[in-house]
Amino acid sequence: MLTFEDEVFQPGNILAGTSAQAGMANKMIAERQVPDEEIPAEDHRRVSVEDKRIINCKADVNQLVPFKYKWAWEKYLSACANHWMPQEINMTRDIALWKDPNGLTEDERRIVKRNLGFFVTADSLAANNIVLGTYRHITNPECRQYLLRQAFEEAIHTHAYQYIVESIGLDEGEIFNAYHEIGSIRDKDEFLIPFIDTLTDPSFRTGTLETDQQLLKSLIVFACIMEGLFFYVGFVQILALGRQNKMTGAAEQYQYILRDESMHCNFGIDVINQIKLENPHLWTREFREEISTLMRKAVELEYRYAEDTMPRGVLGLNAPMFKEYLRFIINRRSHQIGLDPLFPEAGNPFPWMSEMIDLKKEKNFFETRVIEYQTGGVLSWD
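The opening residue of the sequence shown carries number 6 in the working numbering; numbering runs sequentially from there.
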């Protein structure tokens, strides 16, 4: 171990030693100072746009520019501009309402607790999937830059749910263990976990038809099903409470989370479509059929969750209404990645959600609505 008493080589003290030591030292310095023009060109070849690919790229992933996928960088900048923190939201009214025995019905309280029970785990799963899996297999630096921001936002979302739980005094053990104890929540998580396990397996490598399809399948599950479907029953329910002037602090945080998740979903879909464009051999008929089967299963799981969280009609909503709504959403996801709609006749039973979410214009989400929250700015009620 180096101590302050050990002799340390100092180039400036060369003359203090023997001539042999000085000669050796000068040789060491000369070897370190090789002129740039003498470095072999192949060791530091500059990356061109044509070298870049989403997966299986051989170019240096540490060279951010030149950009090939400007949409990824633009989403990263937008996400940074939309930064928010949970503790900035005033929870005073929520606390008073929750403590008031007559403030919320038992059905409304069940909705809040079931929602938090699912979301506290879901965003942790999403973060693990990004940090331990997806990031490793995406070989484009501008896409990786957004993934880092996305992972941070998942941490903020988990923070937000914890902030709500703590603010209104819920039983933390009950909420944070819901994914073990509530069947409808556990079933959704168990549907997702195998796809996380695939990407986080240290031995998993892309580069073959089979492994590239496994990666693409996992990306579709997380963009189109987890973030693009499994969150929507909860979003509708909490935003419906907010529309009735109940749990307004929680609803405001859910609006920010919805804005973030809409961008996560759209980024994931852009990545999926770019992989398809660069690797058309992956998009086989059998693969498409497998994806459609997963989407049908996901609709069933989310509908069971809707029935569990809402056994009776409340807030102008009821569980059967969600069956149509979930079919409407999954049709949208299917179309976005080039699949035929699974439920061609499905419509939107919640017209007010078109204003809150605007599924037809998700890439412009919140540009002209209330949640114009940006760092250094204020809410704008355009």
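Where a beta carbon is used, it is the ideal one built from N, C-alpha and C, also for glycine.
Assigned secondary structure, residue i (DSSP; H/G/I helix, E/B strand, else coil)
i, result
"V4", "Look at the range of the chain in this structure, 6 to 387, and you will see that residue 4 is not part of it."
"V69", "Looking at the sequence itself, residue 69 is Leu, so the reference to Val does not match. Here L69 sits in coil by DSSP."
"S223", "helix"
"W357", "helix"
"D112", "helix"
"F333", "helix"
"H88", "coil"
"C229", "helix"
"A64", "coil"
"H164", "helix"
"L152", "helix"
"I59", "coil"
"R51", "coil"
"F209", "coil"
"Y74", "coil"
"Q242", "helix"
"V170", "helix"
"D128", "helix"
"D176", "coil"
"F236", "coil"
"D41", "Any answer about D41 is weak, because its pLDDT of 47 lies below 50 and its placement is not dependable; what the coordinates show is given next. D41: helix per DSSP, three-state reduction."
Distance, residue j Cα to residue i Cα
i, j, result
"S223", "I201", "7 Å"
"G251", "N95", "Before going on, a small fix: residue 251 reads as Lys here, not Gly. Spanning the two alpha carbons is a distance of roughly 13 Å."
"I243", "N67", "41 Å"
"Q199", "F72", "Looking at the sequence provided, one finds Pro at residue 199 rather than Gln. Distance between the alpha carbons of P199 and F72: 33 Å."
"R149", "Q219", "19 Å"
"I143", "P106", "51 Å"
"Y259", "R51", "44 Å"
"A77", "N145", "10 Å"
"E360", "G174", "32 Å"
"L204", "E147", "20 Å"
"I187", "V117", "14 Å"
"M326", "G318", "10 Å"
"V241", "E179", "23 Å"
"P354", "L322", "10 Å"
"Q92", "A131", "22 Å"
First through last residue of the alpha helix (DSSP H) which encompasses residue i
i, result
"P199", "188-205"
"D275", "253-283"
"D313", "290-314"
"L344", "L344 -> no alpha helix (DSSP H), and no H or E assigned at all."
"D99", "97-104"
"E350", "From DSSP, E350 is part of no alpha helix (DSSP H); its letter is neither H nor E."
heavy atom of the ligand NAD below 7 Å from residue i C-beta
i, result
"P325", "Absence of the ligand NAD from the depicted structure is noted, as is the absence of any ligand whatsoever, leaving it without description."
Whole-number beta carbon distance between residue j and residue i, since they are thought to touch under 8 Å
i, j, result
"A245", "L320", "4 Å"
"Q341", "I296", "Going by Cβ atoms, the distance from Q341 to I296 rounds to 12 Å, so no, they are not a contact pair."
"I60", "T211", "5 Å"
"Y81", "R154", "5 Å"
"S129", "D313", "S129 to D313, Cβ: 21 Å. No contact."
C-beta neighbour in chain B for residue i, strict 8 Å
i, result
"I225", "Among the chains of the structure shown, chain B does not appear; only one protein chain is present."
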